[in-house]
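Keeping their order, the protein sequence lines are chains E and D. Numbering-wise, the first sequence is residues 1173 to 1530 according to this note's numbering. Numbering-wise, the second sequence is residues 1173 to 1530 according to this note's numbering. We treat Cβ as the ideally placed atom computed from N, Cα and C, and that holds for glycine. Treat the numbers as computed from the prediction; the structure is a model and nothing was measured.
There are 2 protein chains.
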Amino acid sequence: MSHSSNAPIPPSSPKPRSRRTPATPPPEPAPAPVPTSADVARLAGVSRATVSYVLNNAEAVRISEPTRRKVREAAEELGYVPHAAARSLRAGHTRIVLLPTSHVPVGPLYSAFLNELQWALRRLDYTVVQYGSLGLTGDEAARAWAELRPVAVISLGEVSLSAHNVATLKRAGARAVITLGPVGVPGAHALVMDQAEVGARAAAHLVERGRNRIGVIVPEEDGLELFSAPRLAGARSVPGARTQVLPMAYTEESAAELAGRWRSLGLDAVFAYNDEYAMLLMRALQDEGLDVPGDVAVMGADDLLIGRLLRPRLSTVQIELPTGDHLASLVDRAVREPSEITGRHDLMSATAVRREST
Amino acid sequence: MSHSSNAPIPPSSPKPRSRRTPATPPPEPAPAPVPTSADVARLAGVSRATVSYVLNNAEAVRISEPTRRKVREAAEELGYVPHAAARSLRAGHTRIVLLPTSHVPVGPLYSAFLNELQWALRRLDYTVVQYGSLGLTGDEAARAWAELRPVAVISLGEVSLSAHNVATLKRAGARAVITLGPVGVPGAHALVMDQAEVGARAAAHLVERGRNRIGVIVPEEDGLELFSAPRLAGARSVPGARTQVLPMAYTEESAAELAGRWRSLGLDAVFAYNDEYAMLLMRALQDEGLDVPGDVAVMGADDLLIGRLLRPRLSTVQIELPTGDHLASLVDRAVREPSEITGRHDLMSATAVRREST
DNA sequence: ACGATTCATTGACACGTGTAACCCGTGACG
DNA sequence: CGTCACGGGTTACACGTGTCAATGAATCGT
């Protein structure tokens, strides 16, 4: 309705009233108003525009050297630091890459990978923001993320995004939405890291070595289904493997309990969620008097260094993750040319490594 | 110094010209202008102010229920998501907690702690931003951090902040600057987690058990000095302990090499940087034919579960970290009442745990 | 019937920044 | 001497939001 302001405008009184009048003047212990570029300008005796030009050393506009110095000195004296929010508001875009954190005690392998990714992104001048999504639905998470107007989102798949959610993010300015999970999301740049491969390699290796009654250790800890479910599925998919699901917690008690009833299970091999669970169980089985790999073959995953310290040395599935730099530069390209990178990219490879426990 | 605009102001022509005219009109594939609250207002047929009131469900201002519905529906239809930067620009403050990431492969114990801290902060409605500081000086890091106008900064001590840096951050609006490092910084709320304690407990334990020629394993990996240096210093500070520094990398080769020349070192005990290094070295020593703890006592740190899997079981220093929730609520209090929490708080406790390797 | 009070809504400003467009001397050149 | 170019700056606007003060309309009290 009344969308055109046809009311006569009063002269708009160009009162240069002092800023800093937050309506509570009296008992303020002067909360040290953070200096703005206007303060710098005032102190240097130039206009705010000049300050901006100097501090962003714009080549296009020519400012005399004396003025530059004055401005720099004023900025230094006031300890001026630009306001990132204001800057990106004006610019219309950010360099934020959103990296939803998993609340899971994700393994050392992935920790390292994520760390590396962060550093690589920093090096490309992105600002990495971790943002939890604990207990959020896809819709809620997408909205919360979109508020930050990130230029890219790298989701590890802890919250399942619908195509609609991806659209929300893109509408909010995200030039790349990347899923690292096992399954691609329509509209997103899916960089698939299919954990099923891991389980498949492990089971295939065991079958190859003549074991086919395979127990699969699934962590009881919350939040690990994201990794454990596909690994289990992968193991199940191997022809000739007869798998049985065995929940276990990451504690000595849980491992001992499982080992205690092992003989009644009728299994000749076990594939654990990862090396840590494998080591824990292997120790418990040995303490129970079982021979590894004679009575039972044990297979881990992730190829951690400590896996080689136990005797017998732990066989495992070695996972080749993309380097953080690789993924970061991929993100960078996607941001620059949104339409270029697309579709499914398979980035992970898994190889069984036989040591002594199989 | 013409700081007062005395030029007569033209009527300022209230032209309601269409926004979105970025000077490149012709070949635009319509980059989907992200919807603003103005768009919502237009669609709902109300003013922008009303939209703001409704969407922030302000209790103070009463808006009729029909209008609320109209606005909500319009927002839904457009997929409107508020712009966090604009919001906090207007608000004058953020809820960002800056958590400089270490580029170090920090141990599982600290990973878990940091994860927990993040989640706890999220639960208190803070936005956690990881921000690397690789190769930055204290000055540079402080400036970079200040740009985000965080309400709190939790530094792990990877970059050493001067009092001046802390002042910069506070001037930029940080209500709490918290250092987790071994040493307090003037002006900051120092929550000291002194790693020296760890080394001291370990060495004291070894001395107690009659060993005083102690090798101290220091990782060759970059970035761990932050933890390893104070642990070493702590060990050295124990009366009666004669320590010797032994650099070692986290690889089997490095451990084997060190074990190979062990007998020539004339040591009867070793305190490793953490359990992982301890396990690695212990295995190498055993492979070299040395008896643990007969020939050499081995002590780790962090009390990882896997440390109990080797034989002999690894003695270690158990570290009691504050819970993430605890630290988070402490941050929260500091933000609400900046002057309340202050000074040094010692948050860490360390206890030697004897198992079988000492 | 008319001022007083409540209700629902809106106009206008401020937050801090970047940048396009403009302005004003001054020396060069025709 | 006019004008042209150009160096050195400044003015003005836009980005998207929250919120105070003001405005009409409707209801109430007497």
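Practice task
Can you check the region 1427–1469 of chain E for any alpha helix (DSSP H) of at least 4 residues that lies completely inside it and give the ranges in chain order?
Solution key: If you keep only unbroken alpha helix (DSSP H) runs of at least 4 residues inside the region 1427–1469 of chain E, you get 1447–1459.
Problem - Chain-ordered neighbours of D:Ser1490 on chain E, where CB pairs are closer than 9 Å - result: Along the second sequence, one-based indexing puts residue 1490 of chain D at 318. For the sequence presented, residue 1490 of chain D should be read as Gln rather than Ser. In chain order: nothing, as chain E lies at least about 15 Å away.
Problem - Positions along the region 1445–1466 of chain D whose CB lies within less than 7 Å of some CB in chain E - result: The region 1445–1466 of chain D vs chain E, Cβ under 7 Å: Glu1448, Met1451, Leu1452 and Arg1455.
Exercise for the section: Return the CA-CA distance between E:Glu1245 and E:Tyr1252, expressed in angstroms with no decimal places. Expected result: Along the first sequence, one-based indexing puts residue 1245 of chain E at 73. Along the first sequence, one-based indexing puts residue 1252 of chain E at 80. Answer to the nearest angstrom: the Cα atoms are 10 Å apart.
Practice task
Indicate whether D:Ala1372 and D:Ala1401 have their beta-carbon atoms separated by less than 9 Å.
Solution key: Translated into the one-based positions of the second sequence, residue 1372 of chain D becomes position 200. Translated into the one-based positions of the second sequence, residue 1401 of chain D becomes position 229. Against a cut-off of 9 Å, the Cβ pair of D:Ala1401 and D:Ala1372 comes out as no contact.
Practice task
Indicate whether E:Leu1261 and D:Leu1477 have their beta-carbon atoms separated by less than 9 Å.
Solution key: Sequence index remark: in the first sequence, residue 1261 of chain E carries index 89 (1-based). Sequence index remark: in the second sequence, residue 1477 of chain D carries index 305 (1-based). No, the Cβ-Cβ distance between E:Leu1261 and D:Leu1477 is not below 9 Å.
Exercise for the section: Sort out for me which residues DSSP pairs E:Val1489 with in a bridge. Expected result: Numbered from its first residue, the first sequence carries residue 1489 of chain E at position 317. Residue pairing by DSSP places E:Val1489 opposite E:Ala1524 in a beta bridge.
Problem - Residue burial classification, D:His1336 (beta-carbon count within 10 angstroms, cutoff 16) - result: As a position in the second sequence, residue 1336 of chain D is number 164, starting the count at 1. Exposed, by the Cβ-count rule.
Problem - Contact with chain E by D:Ser1487, beta-carbon distance below 9 Å - result: For the purposes of this step, residue 1487 of chain D is taken as the residue at position 315 of the second sequence. Taking Cβ atoms only, chain E never reaches closer than 9 Å to D:Ser1487, which makes this a no.
Handout entry: Environment of E:Pro1322 [buried if 16+ CB atoms lie within 10 Å]
Key = For the purposes of this step, residue 1322 of chain E is taken as residue 150 along the first sequence, with counting starting at 1. With a 10 Å radius around the Cβ and a threshold of 16 neighbouring Cβ atoms, E:Pro1322 comes out buried.
Handout entry: Ordered list of alpha helix (DSSP H) runs contained in the region 1302–1360 of chain D, each at least 4 residues
Key = Within the region 1302–1360 of chain D, the runs of alpha helix (DSSP H) that reach at least 4 residues and sit entirely inside it are, in chain order, 1310–1319 and 1335–1343.
Practice task
Anything in the region 1285–1296 of chain E with a Cβ closer than 9 Å to a Cβ of chain D? List those residues in chain order, please.
Solution key: Those would be Asn1287, Glu1288, Gln1290, Trp1291, Leu1293, Arg1294 and Arg1295, in chain order.
Problem - Same chain, Cβ closer than 8 Å to D:Thr1196, neighbours up to 5 away in sequence not counted - result: For the purposes of this step, residue 1196 of chain D is taken as the residue at position 24 of the second sequence. Caution is warranted here: a pLDDT of 39 is assigned to D:Thr1196, below 50, making its placement in the model unreliable, and no coordinate value can be reported.
Problem - Short CB-CB distance (under 9 Å) between D:Ile1350 and chain E - result: Counting from one through the second sequence, the residue named residue 1350 of chain D turns up at place 178. No, no contact with chain E.
Exercise for the section: Check each candidate in E:Arg1259, E:Ala1450 and E:Leu1439 and name the one with the smallest Cα separation from E:Ser1426. Expected result: As a working note, residue 1426 of chain E is residue 254 in the first sequence. Looking only at E:Arg1259, E:Ala1450 and E:Leu1439, the smallest Cα-Cα distance to E:Ser1426 is reached by E:Ala1450.
Exercise for the section: Return no unless some Cβ of chain D is closer than 9 Å to the Cβ of E:Arg1191. Expected result: Position 19 of the first sequence, counting from 1, holds the residue named residue 1191 of chain E. Note that E:Arg1191 has pLDDT 46, beneath the 50 cutoff, so the model's placement of it is unreliable and the number below is only indicative. Closer than 9 Å: no.
Practice task
Spell out whether any CB of chain D is found under 9 Å from the CB atom of E:Gly1359.
Solution key: Here residue 1359 of chain E is taken as the residue at index 187 of the first sequence, counted from 1. False, the Cβ-Cβ gap to chain D never drops below 9 Å.
Practice task
Sort E:Leu1481, E:Gly1412, E:Glu1231 and E:Val1390 by Cα distance to E:Glu1380 and report the nearest one.
Solution key: Here residue 1380 of chain E is taken as the residue at index 208 of the first sequence, counted from 1. Relative to E:Glu1380, the option among E:Leu1481, E:Gly1412, E:Glu1231 and E:Val1390 whose CA is nearest is E:Gly1412.
Practice task
Flag E:Tyr1303 as yes if its beta-carbon sits less than 9 Å from any beta-carbon of chain D, otherwise no.
Solution key: For the purposes of this step, residue 1303 of chain E is taken as residue 131 along the first sequence, with counting starting at 1. With a threshold of 9 Å between beta carbons, E:Tyr1303 makes contact with chain D.
Practice task
Taking only the alpha-carbon atoms, compute the straight-line gap between E:Arg1189 and E:Ala1210 and give it to the nearest angstrom.
Solution key: Taking the first residue of the first sequence as position 1, residue 1189 of chain E is located at position 17. Taking the first residue of the first sequence as position 1, residue 1210 of chain E is located at position 38. Note that E:Arg1189 scores a pLDDT of 40, beneath 50, so its modelled location is shaky and nothing firm can be said.
Problem - D:Thr1273 and D:Gln1302 closer than 9 Å at C-beta - result: One-based indexing of the second sequence puts residue 1273 of chain D at position 101. One-based indexing of the second sequence puts residue 1302 of chain D at position 130. Cβ atoms of D:Thr1273 and D:Gln1302: closer than 9 Å.
Problem - Residues of the region 1240–1263 of chain D whose Cβ lies closer than 7 Å to any Cβ of chain E, in chain order - result: Listed by position, the residues of the region 1240–1263 of chain D near chain E (Cβ gap below 7 Å) are Gly1251, Val1253, Pro1254, His1255, Ala1256, Ala1257, Ala1258, Ser1260 and Leu1261.
Practice task
Look at the alpha carbon of E:Phe1443 and the alpha carbon of E:Gly1472, and state the distance between them as a whole number of angstroms.
Solution key: By one-based count along the first sequence, residue 1443 of chain E stands at place 271. By one-based count along the first sequence, residue 1472 of chain E stands at place 300. Straight through space, the alpha carbons of E:Gly1472 and E:Phe1443 are spaced by roughly 6 Å.
Exercise for the section: Could you name the residues of the region 1331–1344 of chain D whose beta carbon sits closer than 8 Å to any beta carbon of chain E, in the order they occur along the chain? Expected result: Legend: CB atoms of the region 1331–1344 of chain D lying less than 8 Å from CB atoms of chain E belong to residues Ala1339, Thr1340, Lys1342, Arg1343 and Ala1344.
Exercise for the section: Check the Cβ of D:Ala1318 against every Cβ in chain E and list those closer than 8 Å, keeping chain order. Expected result: Within the second sequence, numbered from 1, the residue matching residue 1318 of chain D stands at position 146. Chain E residues near D:Ala1318: Val1253.
Practice task
List the residues of chain E whose Cβ lies closer than 8 Å to the Cβ of D:Tyr1130, in chain order.
Solution key: Examination of residue 1130 of chain D is not possible in this model, given that chain D is present from 1173 through 1530 alone.
Practice task
In the DSSP assignment, find the alpha helix (DSSP H) that holds E:Thr1222 and state where it starts and stops.
Solution key: The residue given as residue 1222 of chain E occupies position 50 in the first sequence. From DSSP, the alpha helix (DSSP H) with E:Thr1222 extends over Arg1220 to Leu1227.
Exercise for the section: Determine contact between the region 1231–1245 of chain D and the region 1212–1220 of chain D, defined as no fewer than three beta-carbon pairs at a distance below 8 Å. Expected result: Under the Cβ criterion (8 Å, minimum of three pairs), the region 1231–1245 of chain D counts as touching the region 1212–1220 of chain D.
Practice task
Would you mind sorting D:Pro1358 into buried or exposed? The rule is 16 or more other CB atoms within 10 Å of its CB.
Solution key: Position 186 of the second sequence, counting from 1, holds the residue named residue 1358 of chain D. Classification for D:Pro1358: exposed.
Problem - Contacts around D:Ser1529, its chain only, beta-carbon distance under 6 Å, and the 5 residues preceding and following it disregarded - result: Start at 1 with the first residue of the second sequence, and residue 1529 of chain D comes out as number 357. These residues qualify, in order along the chain: Val1464, Pro1465, Val1470, Pro1484, Leu1486 and Ser1487.
Practice task
Spell out whether any CB of chain E is found under 9 Å from the CB atom of D:Val1206.
Solution key: Position 34 of the second sequence, counting from 1, holds the residue named residue 1206 of chain D. Yes, its Cβ sits closer than 9 Å to a Cβ of chain E.
Handout entry: Cα-Cα separation between D:Trp1434 and D:Ser1327, rounded to whole angstroms
Key = Locating residue 1434 of chain D in the second sequence gives position 262, counting from the first residue. Locating residue 1327 of chain D in the second sequence gives position 155, counting from the first residue. Distance between the alpha carbons of D:Trp1434 and D:Ser1327: 38 Å.
Exercise for the section: Please go through the region 1388–1427 of chain E and give each complete alpha helix (DSSP H) segment of 4 or more residues, from N-terminal end onward. Expected result: Restricted to the region 1388–1427 of chain E, the alpha helix (DSSP H) segments that are unbroken, complete and at least 4 residues in length are 1397–1408, listed in chain order.
Problem - Chain-ordered residues of the region 1387–1403 of chain E with a beta carbon less than 9 Å from chain D - result: Hits within the stretch: zero.
Handout entry: Whether D:Ala1324 touches D:Val1507 by CB criterion (9 Å)
Key = Position 152 of the second sequence, counted from the first residue, corresponds to residue 1324 of chain D. Position 335 of the second sequence, counted from the first residue, corresponds to residue 1507 of chain D. Contact flag set, yes.
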